[in-house]
C-alpha cells in the first residue's frame with residue numbers, strides 16, 4: 002500500500018494578552034485538533050517552553066503563543082484550523098501559515114491545496130504562493146494577509162529528502178528495527194546530547210521523532226518504502242549556521258537523490274552535501290506577513306543509465 | 002481553467018495477413034475509437050503510407066498495420082483500446098504499448114495509469130514499467146508481454162518540454178495568432194519543405210500540428226498557458242541523427258526550463274541544447290516486446306533566485 006510521506010504544515014501564532022498560555026490548555030483540546038485532521042496522538046514530551054506531540058501521521062508542537070503542526074499520509078490538516086477556530090476567535094490569530102508540499106501521488110489525496118484554501122475563504126483574507134515549478138518539487142504556501150513582526154530569532158528550516166540512499170533504506174526498511182539502531186544511525190548522541198527525544202517505529206515501516214530542548218525542536222519523519230522513499234527534517238535551530246554540521250550529517254546519512262531546503266527568515270547554503278549535487282531551482286519571496294521564505298531544490302549528480310522500475 | 006498538456010500515448014501493431022490495411026477501414030471506425038477516449042477528429046491529411054487525424058486533444062496516425070494515438074487533457078485514452086478490440090481479436094495484435102507521462106495535476110485526471118492498466122487485465126498479459134522517479138518527470142509504460150521483432154527502421158522519438166521560454170510564450174499566448182506566424186516560428190519551411198501539414202490554433206490558446214511525408218510523421222502540441230506551459234514533439238524520424246538540426250532548432254525555439262527525451266530503438270544525444278542544461282535522470286530498458294526504450298530528463302542551468310508564483 003502506498004503511503005504519502007510528503008507533509009502539510011500549519012503554523013499559528015496567537016495574541017498573548019487574552020490568555021495565559023496555549024500550554025495550559027487541557028490536552029483533550031489538542032486531541033480534538035489532531036483528530037480533526039485524521040491523525041492520533043501517540044505520545045508526548047514536555048519542557049518549560051513547549052510540548053511536543055508525536056502523531057500517527059507526524060507531529061504537533063505547542064509553545065505559549067504558537068503551534069506548529071505537521072501531518073502526512075491522507076490527513077486533512079486544514080480541518081485542524083477550523084477546530085482551532087472553535088476556541089480562538091480569528092481576531093486573536095496574529096499569524097497563520099499553511100504549507101503543502103508536492104505529493105508523490107496527489108490523485109490519492111482527499112483534498113488539495115486549492116480546496117484546502119477555499120475552506121478558509123469565508124474566515125480569513127489570505128495570500129497564496131507556489132515556490133517551485135509544478136513539474137518539479139514545489140511548496141504551496143498560504144498566509145494570513147496581516148502584518149506581523151516575527152522576533153529576530155524566529156526562523157525555521159525544512160529539509161525534504163526524496164529517494165533515500167541504500168544505507169538509509171537498509172536501516173529503515175528492516176522490519177522490527179530497534180529505536181537504538183536508528184538513533185545511532187542518525188548520530189543523535191553525538192549532536193543532540195541533553196535533548197528530550199520521543200520517537201516511534203511504525204509497522205511495517207516508518208519512523209517519527211520529536212526532540213526538544215529549551216524553546217527549540219527538531220522533528221524527523223521517514224517513509225522508507227522503495228517506490229516513494231522520503232524523509233524530512235524540520236527545526237527552529239540555525240540548521241545551516243551554528244548547526245550546519247548536523248545538516249551535512251543528515252544529508253550524508255539519508256543520501257537522497259533529490260532534496261529541497263526551505264527556510265523562513267534565515268539563509269540557505271549555496272550548495273550543501275559535498276558539492277555532489279546540482280541546484281535546479283531557487284525561489285525567494287518576502288511575504289507581507291513578515292517572513293522571507295527561500296526554497297532551493299537540489300538533484301544529486303549521478304546520471305549513469307539505470308533500469309526502469311518494474312511495476313508488474 | 003487548467004488544461005493538462007501531458008499526453009497518454011498508444012501504439013498498436015496488427016497482423017497483416019487477416020486484412021488488407023487499417024487504412025481501408027471506414028473513417029467512422031476511427032471516429033468511434035477517438036470518441037471513446039473523449040476526443041473528436043477535427044481534420045485529416047493522407048498520403049500513400051498513412052493517414053493523420055488531428056484531434057481536439059492531440060493526434061491519431063494510421064498506417065497499414067499500425068496506429069499511434071496521442072491524447073492529452075482529461076481524455077481516457079485507454080478506452081480507445083477497448084473500442085479497437087471490438088473489431089480486432091486480440092490474437093491479431095502483435096504489439097501494444099501504452100504510455101502515460103507524468104501530469105502537472107494528476108488529481109484532476111479521470112483515470113490514472115494503474116486504473117488504466119487494470120482495465121486490460123482480463124484481456125492481455127502485459128508488463129508495466131516506470132521510467133524516471135515519481136518525484137520528477139517520469140513515463141509509465143505498459144506493453145503486451147509478447148515477442149515482437151520491430152523492423153530496423155522502426156524507431157520513435159518523443160521530446161517533452163516543460164515551462165516554455167518567453168519567445169515561445171509570446172507567439173503561442175497571443176489570442177487569434179495566425180498559423181503562418183507559428184509555422185514561421187517553428188521554421189517548418191526551412192526544415193520540412195514538401196511535407197503535408199495540418200495544423201489548428203485553439204481558442205483562446207493551444208496549437209496542434211500533424212505533418213506527414215512518405216511513411217514519416219511528426220506532431221507538435223503546445224499548451225502555452227503560464228501556470229503549466231508544455232510542448233511536445235513526436236516523430237518516427239531520426240531526430241537526433243539525420244534530423245538533429247531540427248531537434249536543436251525546436252529546443253531553441255521553445256527554450257524549456259526542463260525537457261525529457263524518450264526514444265524507442267534509437268540513440269539519444271549526450272547533451273543537446275548547447276550544453277546549457279543538466280542531465281538529471283537517465284533510464285534505459287530493453288523490453289521483451291522488442292523495443293529498447295531510453296529516457297533522459299534535462300534541466301536548464303539557470304538558478305538565479307526568482308520570486309514565488311502568486312496564486313491569489
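Residue numbers (the working numbering), protein chains in the order written: chain A, 2 to 313; chain B, 2 to 313.
For glycine and all other residues, C-beta sits at the position ideal for the given N, C-alpha and C.
Please confirm whether residue 277 of chain A has its beta-carbon closer than 9 Å to some beta-carbon of chain B. no
Which residues does DSSP pair with residue 285 of chain A in a beta bridge? A:295
Which parts of the stretch 214–284 of chain B are runs of the beta strand (DSSP E), unbroken and 3 residues or longer, counting only runs that do not cross its ends? 217–224, 231–236, 259–265
How should residue 88 of chain B be labelled, buried or exposed, when 16 other C-beta atoms within 10 angstroms of its C-beta is the threshold for buried? Exposed is the call here.
Could you say which of B:276, B:102, B:24, B:7 lies nearest to residue 52 of chain B if we only look at CA atoms? B:24
Residues within the stretch 257–288 of chain B neighbouring chain E, beta-carbon criterion of under 7 Å: Of the protein chains in this structure, namely A and B, none is chain E.
Using a beta-carbon distance below 9 Å, is residue 290 of chain B in contact with chain A? no
Which chain A residues are close to residue 131 of chain B, counting only those with a beta carbon under 7 Å from its beta carbon? What residue 131 of chain B touches in chain A: 309, 310, 312.
Under the three-state reduction of DSSP, which class applies to residue 76 of chain B: helix, strand or coil? coil
Hey, quick one: how far does the alpha helix (DSSP H) through residue 157 of chain A stretch, first residue to last? Element bounds for residue 157 of chain A: not the alpha helix (DSSP H) but the beta strand (DSSP E), 157–163.
Just by C-beta distance, which residues in the stretch 94–110 of chain B are closer than 8 Å to chain A? 103, 105, 106, 107, 108, 110
Would you mind reading off the limits of the beta strand (DSSP E) that contains residue 192 of chain A? Unbroken run through residue 192 of chain A is the alpha helix (DSSP H), 189–192; no beta strand (DSSP E).
9 Å Cβ cutoff met for residue 144 of chain A and residue 127 of chain A: yes
Looking at the C-beta of residue 80 of chain B, does it have a partner C-beta in chain A at a distance below 9 Å? no
How many angstroms separate the CA atom of residue 187 of chain A from the CA atom of residue 203 of chain A? 17 Å
Residue 35 of chain A lies in the beta strand (DSSP E); which residues open and close that run? Run containing residue 35 of chain A: none in the beta strand (DSSP E); it sits in the alpha helix (DSSP H), 28–37.
N- and C-terminal bounds of the beta strand (DSSP E) containing residue 199 of chain B: Unbroken beta strand (DSSP E) run through residue 199 of chain B: 197–202.
For residue 95 of chain B, three-class secondary structure by DSSP: strand
Continuous beta strand (DSSP E) stretch holding residue 62 of chain B: start and end: Looking at the DSSP string, the run of the beta strand (DSSP E) that includes residue 62 of chain B is 59–63.
According to the neighbour-count rule (16 or more other Cβ atoms, all chains shown, within 10 Å of its Cβ), is residue 309 of chain A buried or exposed? When all chains shown are included, residue 309 of chain A counts as buried.
What does residue 135 of chain A reach in chain B if we use C-beta pairs closer than 8 Å? Against chain B, the beta carbon of residue 135 of chain A has neighbours under 8 Å at 105, 106, 228, 229, listed in chain order.
Are the C-beta atoms of residue 123 of chain A and some chain B residue less than 9 Å apart? Not one chain B Cβ lies under 9 Å of residue 123 of chain A.
Skipping 5 residues on each side, what residues in its chain have a beta carbon closer than 6 Å to that of residue 12 of chain B? Correct list, in chain order: 69, 98.
Does the stretch 254–268 of chain B touch the stretch 157–166 of chain B, meaning 3 or more C-beta pairs lie closer than 8 Å? yes
Using a Cβ-Cβ distance cut-off of 9 Å, determine whether residue 26 of chain A contacts chain B. For residue 26 of chain A, not one C-beta of chain B is nearer than 9 Å to its own C-beta.
Can you tell which of A:110, A:61, A:259 has the C-alpha that lies nearest to the C-alpha of residue 76 of chain A? Closest by alpha carbon: A:110.
Looking at the C-beta of residue 190 of chain A, does it have a partner C-beta in chain B at a distance below 9 Å? no
Keeping to the same chain, check which residues put their C-beta closer than 7 Å to that of residue 196 of chain A; ignore five residues upstream and five downstream. 212, 213, 214
Tell me the DSSP bridge mates of residue 301 of chain B? Note: residue 301 of chain B sits in a beta bridge opposite B:278.
DSSP three-state assignment for residue 125 of chain A, whether helix, strand or coil: coil
For residue 221 of chain A and residue 47 of chain A, I'd like the C-alpha separation in whole angstroms. Going by C-alpha positions, residue 221 of chain A is about 17 Å away from residue 47 of chain A.
Since residue 13 of chain A is in the alpha helix (DSSP H), which residue starts that stretch and which ends it? Residue range 9–15 is occupied by the beta strand (DSSP E) that includes residue 13 of chain A, with no alpha helix (DSSP H) assigned at that position.
When burial is assigned at 16 or more other CB atoms within 10 Å of the CB, is residue 44 of chain B buried or exposed? Result: exposed.
Just verifying my parser: in three-state terms, what is the DSSP assignment at residue 118 of chain A? In this structure, residue 118 of chain A counts as helix in the three-state DSSP scheme.
List the residues of chain B that residue 236 of chain A touches, going by C-beta distances under 7 Å, in chain order. Those do not exist, as residue 236 of chain A stays about 22 Å from chain B at its closest Cβ, beyond 7 Å.
Closest to residue 1 of chain B by CA distance: which of B:106, B:261, B:217 is it? With chain B covering only 2 through 313, there is no way to say anything about residue 1 of chain B.
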